[in-house]
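Chains as they are written, first to last, in the numbering used here: chain X, 21 to 327; chain W, -7 to 179.
No residue lacks a Cβ here, since even glycine has one placed at the ideal position from N, Cα and C.
Working notes, beginning with the structure itself.
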Amino acid sequence: MTCDSVARLIPLYFYGELMPEEEDRLEEHLHACAPCTREMERQRAMAAALDRRHTEVPPLLLGACRADLLAAIQGGAPRLFEPAKGPWTLFLEALAATLAGLNRYRTPVGAVALVAVGFFAARFTGAGLPASSLSPAGEVFSTVRSVEPDSSGRVQIAFDETRRRVVSGAAGDRDIQRLLLAAAREDNPAVRVESVDLLKSRADSGEVRDALLNAVARDSNAGVRLKALDGLKPLAGDSQVRKILAQVLLADDNPAVRMQVVDLLVSHRDDSVVGVLQNLVQKEDNNYVRLKCEKALKDMNASIGTF
Amino acid sequence: MDSLIRAAQRGDQDAFEQLVRAHDQSVLRLAMNLLRSPEDARDVYQEAFLRVYRNLDSFRFDCSFHTWLYRIVTNICLDRLRKRKVRKEESAVVETSDGPIDRMEVFEEESAHANPERAVWNRELNERIESALQDLTPRERMVFELRHYQGLRLRNIGEMLGTTEEAAKNCLFRATQKMRAVLGDCV
Ligand SMILES: [Zn+2]
């Protein structure tokens, strides 16, 4: 093997892409040749330098990408083989989705109109619907409640059938607000986001405040939790709100939510916030959140750790 | 994995989602490494998985799903790298609630924070490394990325890029030579 041919093989050798016999011959040459050994060292040094350049994916990016994709697909990205759907197909799909325990979004995320659909509308039928403007007889929706096969091979399906009604009124209207409070607990996250968004300017009402706290602590959708946090800003000094925020900070799995909670907590200083932040720094695995926390502690002249 | 793919091909959305989640981190890392821009990486992710969604029926199990997926992803990334070669590099500055920041500096500062003694060294060398990587052709850049950072075998890389193992070897060799010429005494 000549030094020239070795130079050509060094990168492949480094990446383990040589045949075993080529590898043996190259190693033999390296043992006997100092300049080629130095070349090999330079290859290793360069690879090590390049390893350090490796960029990490920002933690929030993956979640954002997944949400984009879901929205595009549920917003109707066409599949090539997709046949036109009749009412029966749609019903079967709804059935399958219910059985699989999936929450299919009935309106695309970001929909502006608040539409009361399904069981939620049914709950309000007897209870004095807002008189503001009421359109009668809309579409009929079915929600499957149970499916039971019997021994004769037949299937018994129980479903609620509800009519869509559309009501409109000012966001401050008492009846509209009651609907919004109910909508904040709907299955459809798009409805919850819109409702919480509309409610958030009215956190001075005890009922709304409780709904926002409930959303922050329990809603499965991070978008809803972020909107609710927004609404709690004026109440960031309230001790009960702060107690719940401190719990959320240590329990929430979404870094954006944790960042916003840190903002809310440090906007009003009290003795317990230092301890909560120190606690978070210890266990926080997201760099952005941890840096924010450390900065907040520094701003308060508190030490970063308890050690 | 095969049964998951078949379920997704039958239109099972849950299976499709699982399939995405099994592969999307490495796809995003690849796009981010190649394009160095969260926005571009996000676009690549969306375009790639929508193509997968629309064309899953045409996957015939004659290669691994990973290879099939990477054919799509590398195609999209190569397109973008080629277009970039033509137009001027976009600004890496983004507006945030804390004022404008340089995207890449955020990542670099973060790693500097984790390991302060590397900070100075990083800053100097990073520029050289970036310009060395930019000197590569899109294809050389891709082969190098897949071999060095993603740890794939050259034979597999050839399969993804629609070329031979031998051609992939040549690409890797040229990429290494060019980078050593630029980095030279730095390392
Ligand atoms: Zn030699």
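Proximal chain X residues relative to residue i, where beta-carbon distance stays under 7 Å
i      : result
M24/W  : T75, V77
I121/W : A69, L70, R73
R139/W : Y35
F41/W  : L89
Per-residue contacts from residue i into chain W (C-beta, under 8 Å)
i      : result
R245/X : Under the 8 Å cutoff, chain W gives no residues; its nearest Cβ is about 18 Å from R245/X.
Residue burial classification, residue i (beta-carbon count within 10 angstroms, cutoff 16)
i      : result
R310/X : buried
A223/X : buried
G106/X : For G106/X, the predicted structure reports a pLDDT of 41, less than 50, and the residue's modelled location is therefore unreliable. The matter cannot be settled from this model.
K318/X : exposed
S29/W  : buried
A191/X : exposed
A147/X : Annotation note: pLDDT 36 at A147/X (below 50); position unreliable, coordinate value reported separately. Exposed, because fewer than 16 other Cβ atoms sit within 10 Å of the Cβ of A147/X.
S83/W  : Here the model assigns S83/W a pLDDT of 41, short of 50, so the residue's position is not dependable and the matter cannot be decided.
T88/W  : Low local confidence applies: a pLDDT of 45 at T88/W is under 50, so the model's placement there is unreliable, and no value is given.
V175/X : exposed
D305/X : exposed
T22/X  : exposed
A120/X : Below a pLDDT of 50, predicted positions are generally treated as unreliable, and A120/X, at 41, falls in that range; the measurement from the model is reported next regardless. Per the 10 Å Cβ criterion, exposed.
F53/W  : exposed
P254/X : exposed
S215/X : buried
K77/W  : exposed
T156/W : exposed
P40/X  : exposed
A322/X : exposed
L175/W : buried
L285/X : buried
R245/X : buried
H51/X  : exposed
Partners in chain X for residue i, counting only beta-carbon separations shorter than 9 Å
i      : result
L117/W : A69, R72, R73
The alpha helix (DSSP H) enclosing residue i, as first and last residue numbers
i       : result
S41/W   : The residue you asked about is not Ser; residue 41/W is Phe in the sequence shown. Where F41/W is concerned, the enclosing alpha helix (DSSP H) stretches over 30 to 47.
E61/X   : 54 to 73
E1/X    : With chain X represented from 21 up to 327, any question about residue 1/X goes unanswered, as that position is not in the structure.
I264/X  : 259 to 271
T168/W  : 157 to 175
V244/X  : 242 to 251
V77/X   : Segment: none, V77/X is in no alpha helix (DSSP H) and carries neither H nor E.
A191/X  : Unbroken run through A191/X: none, as it is neither H nor E.
R139/W  : No alpha helix (DSSP H) contains R139/W, which DSSP labels as neither H nor E.
L233/X  : 226 to 238
M24/W   : 5 to 27
L(-4)/W : -6 to 1
M152/W  : 146 to 153
M279/X  : 275 to 287
Y35/X   : Premise fails: Y35/X is in no alpha helix (DSSP H) and is neither H nor E.
Where residue i meets chain W, residues with beta-carbon distance less than 9 Å
i      : result
L81/X  : L20, M24, P30, A33, R34, Y37
M279/X : Ordered by position in chain W, no residue passes the 9 Å Cβ test against M279/X, which lies about 10 Å from the chain.
Within chain W, the residues that residue i reaches when beta carbons sit closer than 7 Å
i     : result
A84/X : R34
M66/X : M171, R172, L175, V179
Proximal residues of chain X, C-beta to C-beta of residue i below 8 Å
i      : result
L144/W : By Cβ distance, chain X contributes nothing, its closest Cβ being about 10 Å from L144/W, past 8 Å.
V12/W  : R86, L89
H58/W  : Residues of chain X passing the Cβ test: none, with the nearest at roughly 18 Å.
Q17/W  : V77, L82
Exercise. For the region 22 to 53 of chain X, which residues have a CB atom closer than 7 Å to at least one CB atom of chain W, in sequence order?
Worked result: Within the region 22 to 53 of chain X, the qualifying residues are R28, P31, L32, Y35, E37.
Exercise. Using a Cβ cut-off of 7 Å, which residues of the region 152 to 169 of chain W contact any Cβ in chain X, in chain order?
Worked result: Taking 7 Å as the Cβ-Cβ cut-off against chain X, the residues of the region 152 to 169 of chain W that qualify are K161, L164, F165, T168.
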